[in-house]
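Read the structure below first, then the notes.
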Amino acid sequence: MEQQQIRLMLVVKDGAPAHTSCLAKSARLKLGITPLTHPPSSPDLNPIEPLWLLLKNRIADTPGASNSLENLWLTAQHAWEEITEEEIQRHTGKMLKRVAQVQAAKGWHTKF
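Residue numbers (the numbering used here): 105 to 216.
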């Protein structure tokens, strides 16, 4: 993705070790990032999940992507850069609706 002006950025973190490490906490503090605490095991509330699927599909559809680690890495970088703002908005723009559905389902899974 091209670097664009950031209007609002929320960082979603769950209980994953990569999110709770001293290094991650230090980096957030240094960058002035206040994390949005996220319930553990709640993919319905994590807007990155559908984007991971989009990324995986684009990599899988690229001939030769898995021929070497270098090809895989380059393909992944290219696929990530090709994700459009519209594709991101398609998923992140639904968060209020997702939260309402998770609340209505009393924390159980939803259609997302």
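By construction, the Cβ of each residue, glycine as well, lies at the ideal position given by its N, Cα and C atoms.
Three-state class that DSSP yields for residue i in the structure shown
i    : result
K210 : coil
P121 : helix
Same chain, Cβ closer than 7 angstroms to residue i, neighbours up to 5 away in sequence not counted
i    : result
D148 : R202, V206, H213, T214 and F216
P154 : H195
Range of the contiguous alpha helix (DSSP H) that encloses residue i
i    : result
P151 : Taken as a continuous stretch (DSSP letters only), P151 belongs to no alpha helix (DSSP H), as it is neither H nor E.
I187 : That residue, I187, is in no alpha helix (DSSP H); it is neither H nor E in DSSP.
A217 : Only positions 105 to 216 of the chain appear in this structure, which leaves residue 217 out of reach.
K134 : C126 to L135
Own chain residues within Cβ distance below 6 angstroms of residue i, not counting five before or after
i    : result
I192 : none
T166 : T179
Beta-carbon separation (whole angstroms), residue i vs residue j, contact threshold 8 angstroms
i    : j    : result
R162 : A131 : Contact doesn't hold; Cβ gap of about 28 angstroms is too wide.
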